[in-house]
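From first to last, the protein sequence lines are chains A and B. Each residue of the first sequence is one higher than the one before, starting from 1 at the first, in our numbering. Each residue of the second sequence is one higher than the one before, starting from 1 at the first, in our numbering. Positions of the beta carbon are idealized from the N, C-alpha and C atoms, including for glycine.
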Amino acid sequence: MARVVVDVMPKPEILDPQGKAVLGALPRLGFAGVSDVRQGKRFELEVDGEVTDEVLASVEQMAATLLSNPVIETFTVHVEASA
Amino acid sequence: MKIGVVTFPGSLDDADAQRAVRIGGHEVVALWHGDHDLRGVDAVVLPGGFSYGDYLRCGAISRFAPVMTEVVDAAGRGMPVLGICNGFQILCESHLLPGALIRNDHRRFVCRDQRLRIENASTAWTSAYDEGEEITVVLKNGEGGFVADEAMLDRLEGEGLVVARYLDDNPNGSLRGIAGITNERGNVVGLMPHPEHAVEALTGSGTDGLGFFTSLAAAAFA
Chain A
1 MARVVVDVMP KPEILDPQGK AVLGALPRLG FAGVSDVRQG KRFELEVDGE VTDEVLASVE
61 QMAATLLSNP VIETFTVHVE ASA
Chain B
1 MKIGVVTFPG SLDDADAQRA VRIGGHEVVA LWHGDHDLRG VDAVVLPGGF SYGDYLRCGA
61 ISRFAPVMTE VVDAAGRGMP VLGICNGFQI LCESHLLPGA LIRNDHRRFV CRDQRLRIEN
121 ASTAWTSAYD EGEEITVVLK NGEGGFVADE AMLDRLEGEG LVVARYLDDN PNGSLRGIAG
181 ITNERGNVVG LMPHPEHAVE ALTGSGTDGL GFFTSLAAAA FA
C-alpha cells in the first residue's frame with residue numbers, strides 16, 4: 001500500500017472567504033504576524049501496490065475530473081510514505 | 001410540454017419546481033438521480049437544494065449521477081435545461097455552463113426577495129420576459145458567488161450570455177452582478193435566485209418568476 005496525496009487550493013485570483021474568516025479570527029485569538037490565509041483541501045488516497053507512472057497519471061486524472069474544479073482550483077499530486 | 005424535474009439526494013426545491021412547472025401549463029415528470037433515461041421529456045429542470053450534502057463542492061457529486069449523463073447528452077442536442085441554485089452549480093460542474101459558484105463573499109447565508117434585471121429574453125427559459133424587465137424573486141444561497149476569469153466574463157457580456165443580473169446590492173459577491181447565464185445556443189440556463197418560489201400570489205413575493213416556466217410554451221408556439 002502507498003499513499004498518494006492530492007492538495008487542492010483555490011486559485012490565487014479567486015476570493016477565498018473561508019481563508020479570510022480564519023485570517024480575521026487569528027488576531028482576535030492573539031496571533032499576530034499573519035498577512036494572508038488560503039484554505040484548501042487535502043485528499044489522501046491509499047492505493048494498492050506500487051505507485052507507478054500509470055497510477056500517478058490516473059490520480060492526476062481523478063484530481064482534474066472530480067477532486068478539483070479547474071475553473072477555481074489548482075492541484076498538486078505527491079507520493080507519501082505510508083506510516 | 002413534458003418537463004422533467006430531477007430529484008437528487010438532498011434536493012429541496014424539487015416539489016416547488018414541479019408545482020411551478022404545472023402552474024406554467026406543463027406536464028411534470030419526476031426524474032430520479034439514478035435514472036438512466038429521461039422518460040421522453042421535452043425539457044429538464046435541475047432544482048435547488050444541497051444535493052449529496054454539498055460534499056466536495058456544490059454540485060460536484062451530482063454531476064456524475066447517472067441521470068446527468070443523459071441530461072448533458074440531451075442538452076448537447078438542444079433540449080432546454082434550467083438549473084436553479086444548486087441546479088446552476090451542477091450545470092457549471094458539468095461544464096454545460098462556464099464559470100463556478102463559490103461561497104458568498106460576506107460568508108453568510110442570504111435569504112431575501114431580490115430584484116433582478118432580465119438581460120437576455122431570447123433563451124428557451126426567458127422568452128416570456130421583455131429584455132430589461134425587472135423582476136423580484138426569492139434569493140437564498142450560501143455559495144452563490146458567480147466567478148469566471150476576466151476573458152470569460154467579457155465573453156459572457158459581449159455575446160449576451162448574461163441572462164439575469166442583480167439589482168440594488170450584490171447579494172453574494174457575484175462578479176459583475178451576474179445572477180444567471182446561458183450557453184451559446186440559449187437552451188441551457190443557470191440561475192442562482194429562485195423563480196419557482198414566485199409563481200403564486202398567495203405565497204412568496206409575487207408571480208414574477210412564472211415567466212421562466214411559461215417561456216417554453218411561448219417558444220413552442222412562436
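Beta-bridge partners of Asn141 (chain B) (DSSP): B:Val110.
Residues of the segment 11-31 of chain A whose Cβ lies closer than 7 Å to any Cβ of chain B, in chain order: Ile14, Leu15, Pro17, Gln18 and Ala21. For Leu66 (chain A), the neighbours in chain B by C-beta distance under 8 Å run, in chain order, Leu56, Ala60 and Phe64. Contact annotation: Lys140 (chain B) and His194 (chain B) have beta-carbon atoms nearer than 9 Å. When the alpha-carbon of Arg3 (chain A) is set against those of A:Glu46, A:Gln61 and A:Arg28, the nearest one is in A:Glu46. Per DSSP, Lys11 (chain A) lies in no beta strand (DSSP E) segment and is marked neither H nor E. The beta carbon of Val67 (chain B) sits no closer than 9 Å to any beta carbon of chain A. Counting C-beta atoms within 10 angstroms of its own C-beta, Cys111 (chain B) has fewer than 16 neighbours from the protein chains shown and is therefore classed as exposed. Residue environment: Asp16 (chain B) is assigned as buried (16 or more neighbouring CB atoms within 10 Å of its CB, all protein chains considered).
The C-alpha of Val138 (chain B) lies about 15 Å from the C-alpha of Gly190 (chain B).
The beta-carbon of Val71 (chain A) is placed less than 9 Å from the nearest beta-carbon of chain B. DSSP places Glu159 (chain B) outside both helix and strand once states are collapsed to three, so it counts as coil. Residues of chain A whose Cβ lies closer than 8 Å to the Cβ of Ala100 (chain B) are, in chain order, Asn69, Val71 and Ile72.
Closer than 7 Å at the C-beta level to chain A, one finds these residues of the segment 155-177 of chain B: Gly173.
The alpha-carbon separation between Thr65 (chain A) and Val59 (chain A) amounts to approximately 10 Å. Leu116 (chain B) is bridged by DSSP to B:Ile135 and B:Tyr166.
Within the segment 50-92 of chain B, the complete beta strand (DSSP E) segments of 3 residues or longer fall at 81-84, listed in chain order. Under the Cβ distance rule, Ala148 (chain B) counts among the residues neighbouring chain A, one pair being separated by less than 9 Å.
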